[in-house]
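Asker: For reference, the structure I am asking about is given below.
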Amino acid sequence: EVQLVESGGDLVQPGGSLRLSCATSGFTFSNYWMHWVRQVPGKGLVWVSRINSDGSTITYADSVKGRFTISRDNAKNTLYLQMNSLRADDTAVYYCARVLTGAWFFDLWGRGTLVTVSS
Amino acid sequence: QSVLTQPPSVSAAPGQKVIISCSGSTSDIGNHYVSWYQHLPGTAPKLLIYDNNKRASGIPDRFSGSKSGTSATLGITGLQTGDEAEYYCGTWWGTWDSGPSGGGVVFGGGTKVTVL
Chain A
1 EVQLVESGGD LVQPGGSLRL SCATSGFTFS NYWMHWVRQV PGKGLVWVSR
51 INSDGSTITY ADSVKGRFTI SRDNAKNTLY LQMNSLRADD TAVYYCARVL
101 TGAWFFDLWG RGTLVTVSS
Chain B
120 QSVLTQPPSV SAAPGQKVII SCSGSTSDIG NHYVSWYQHL PGTAPKLLIY
170 DNNKRASGIP DRFSGSKSGT SATLGITGLQ TGDEAEYYCG TWWGTWDSGP
220 SGGGVVFGGG TKVTVL
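So the protein sequences, as listed, match chains A and B.
So the first sequence is numbered by this note's numbering: it starts at 1 and just counts up by one.
So the second sequence is numbered by this note's numbering: it starts at 120 and just counts up by one.
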């Protein structure tokens with residue numbers, strides 16, 4: 001089955017760290033750019049970061065630059081998001097999503113994992 | 120990068136039509152393809168429309184997309200109760216020649232579709 005499954009969401013204190021994972025299956029992972037998108041409960045989707053197929057090109061939204069690190073392991077078909085210096089406004093459901101190289105749309109998303117930053 | 124502008128909500132009776140607008144600028148919608156996503160709480164967002172007006176695999180022709188200048192629209196005809204969801208437009212921002220690897224991605228604030 002073609003799917004993306006996020007994990008690693010948790011309750012963490014402000015200033016803390018968390019590592020999210022996105023396990024993929026059913027497709028050739030290395031053919032896709034991978035992105036993280038988040039959604040504050042009750043609010044809209046907000047793009048967070050992306051990484052190209054071999055991990056050599058990475059981009060971040062200004063709101064997470066310097067605090068979050070995206071990475072991937074093509075041997076394990078898994079995407080990661082290391083989140084440091086977490087703030088209350090990072091509280092959100094985090095989705096991973098794929099984009100076929102050269103395409104301009106997300107054709108598959110995961111169901112998300114909830115990150116709550118609170119003392 | 121600013122969020123694309125969508126109406127917070129639209130509604131219509133079963134069988135009727137709704138149109139959702141998505142407004143941006145020359146640096147995002149004006150320069151890039153637009154895609155549309157359907158999202159139900161607790162589920163994975165689902166691609167409906169890509170490259171402005173192409174339907175994703177398995178999406179019925181009740182759903183249609185268009186783009187003109189710095190705005191795009193999603194139309195849903197023959198409205199069904201199963202269409203009740205949040206709908207988001209999305210696009211890239213930055214220069215066209217930088218390709219999908221340039222700039223970043225921006226979404227609309229979402230539109231709640233209610234079937235009366």
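The beta carbon of each residue, even a glycine, is placed where N, CA and C say it ideally should be.
When you compare the CB of Tyr152/B with every CB in chain A, is at least one pair closer than 8 Å?
Answerer: Start at 1 with the first residue of the second sequence, and residue 152/B comes out as number 33. By this cut-off, Tyr152/B is an interface position.
Asker: Indicate whether the contact test is met: 3 or more Cβ pairs, each with one atom in the stretch 51-69 of chain A and one in the stretch 3-16 of chain A, closer than 8 Å.
Answerer: Cβ pair count under 8 Å is below three, so no.
Asker: When you compare the CB positions of Leu4/A and Leu108/A, do they come within less than 8 Å of one another, or not?
Answerer: The count along the first sequence starts at 1 and reaches residue 4/A at position 4. The count along the first sequence starts at 1 and reaches residue 108/A at position 108. Taking 8 Å as the Cβ cut-off, Leu4/A and Leu108/A qualify as a contacting pair.
Asker: Roughly how far, in whole angstroms, is the beta-carbon of Ser185/B from the beta-carbon of Ile148/B, given that I think they are within contact range, below 8 Å?
Answerer: Here residue 185/B corresponds to residue number 66 of the second sequence, with the count starting at 1. Here residue 148/B corresponds to residue number 29 of the second sequence, with the count starting at 1. Not quite, the Cβ-Cβ distance comes to about 12 Å (not below 8 Å), so this is no contact.
Asker: Beta-carbon of Trp104/A versus every beta-carbon of chain B: anything under 8 Å?
Answerer: Sequence index remark: in the first sequence, residue 104/A carries index 104 (1-based). At least one chain B Cβ lies under 8 Å of Trp104/A.
Asker: Assign Ala61/A to one of three DSSP states: helix, strand, or coil.
Answerer: Locating residue 61/A in the first sequence gives position 61, where the first residue counts as 1. Of the three classes helix, strand and coil, the one that applies to Ala61/A here is coil, per DSSP.
Asker: Check the C-beta distance from Ser128/B over to Lys231/B and give it rounded, since I have them as a contact under 8 Å.
Answerer: Within the second sequence, the letter at position 9 stands for residue 128/B. Within the second sequence, the letter at position 112 stands for residue 231/B. Yes, Ser128/B and Lys231/B are in contact; Cβ-Cβ is about 4 Å, under 8 Å.
Asker: Do we get a CB-CB distance below 8 Å when we pair Leu45/A with the residues of chain B?
Answerer: Position 45 of the first sequence holds residue 45/A. Closer than 8 Å: yes.
Asker: Do you know whose CA, among Gln199/B, Gly177/B, Tyr152/B, Ala204/B, lies nearest Phe105/A's CA?
Answerer: Residue 105/A sits at position 105 when you count from the first residue of the first sequence. Per the Cα distances, Tyr152/B.
Asker: If you count every other CB in all the chains shown that lies within 10 Å of the CB of Asp90/A, and 16 or more means buried, which is it?
Answerer: Counted from its first residue, the first sequence places residue 90/A at position 90. Buried, since its Cβ has 16 or more Cβ neighbours within 10 Å.
Asker: Which whole-angstrom value is the C-beta distance of Thr210/B and Ser130/B, which I expect to be below 8 Å?
Answerer: Taking the second sequence and counting its residues from 1, one reaches residue 210/B at position 91. Taking the second sequence and counting its residues from 1, one reaches residue 130/B at position 11. No, Thr210/B and Ser130/B are not in contact; Cβ-Cβ is about 25 Å, not under 8 Å.
Asker: Would you please verify whether the beta carbon of Asp147/B is less than 8 Å from any beta carbon of chain A?
Answerer: In the second sequence, counting from the first residue as 1, residue 147/B sits at position 28. Output row for Asp147/B: interface = no.
Asker: Of all the CB atoms in chain A, is at least one closer than 8 Å to the CB of Tyr207/B?
Answerer: Residue 207/B sits at position 88 when you count from the first residue of the second sequence. Taking Cβ atoms only, chain A reaches closer than 8 Å to Tyr207/B, which makes this a yes.
Asker: Which residues in chain A have a C-beta closer than 8 Å to the C-beta of Phe226/B? List them in chain order.
Answerer: On the second sequence, residue 226/B is found 107 positions in, with the first residue counted as 1. In chain order: Val37, Gly44, Leu45, Val46, Trp47.
Asker: Quickly, what does DSSP pair Val99/A with across the bridge? List them, please.
Answerer: Against the first sequence, residue 99/A aligns to sequence position 99. BP columns for Val99/A point to Trp33/A.
Asker: Consult DSSP for Ile148/B and reduce its assignment to one of helix, strand or coil.
Answerer: Within the second sequence, the letter at position 29 stands for residue 148/B. Residue state, collapsed to three classes: helix.
Asker: Report the rounded CA-to-CA distance for Ala92/A versus Leu18/A, giving the unit in angstroms.
Answerer: In the first sequence, counting from the first residue as 1, residue 92/A sits at position 92. In the first sequence, counting from the first residue as 1, residue 18/A sits at position 18. Distance between the alpha carbons of Ala92/A and Leu18/A is about 13 Å.
Asker: Do you know how far the Cα of Trp33/A is from the Cα of Gln2/A?
Answerer: The residue labelled residue 2/A in the question sits at position 2 within the first sequence. The residue labelled residue 33/A in the question sits at position 33 within the first sequence. In the sequence under discussion, the amino acid at residue 2/A is Val, which differs from the Gln named in the question. The straight-line gap from Cα to Cα measures roughly 16 Å.
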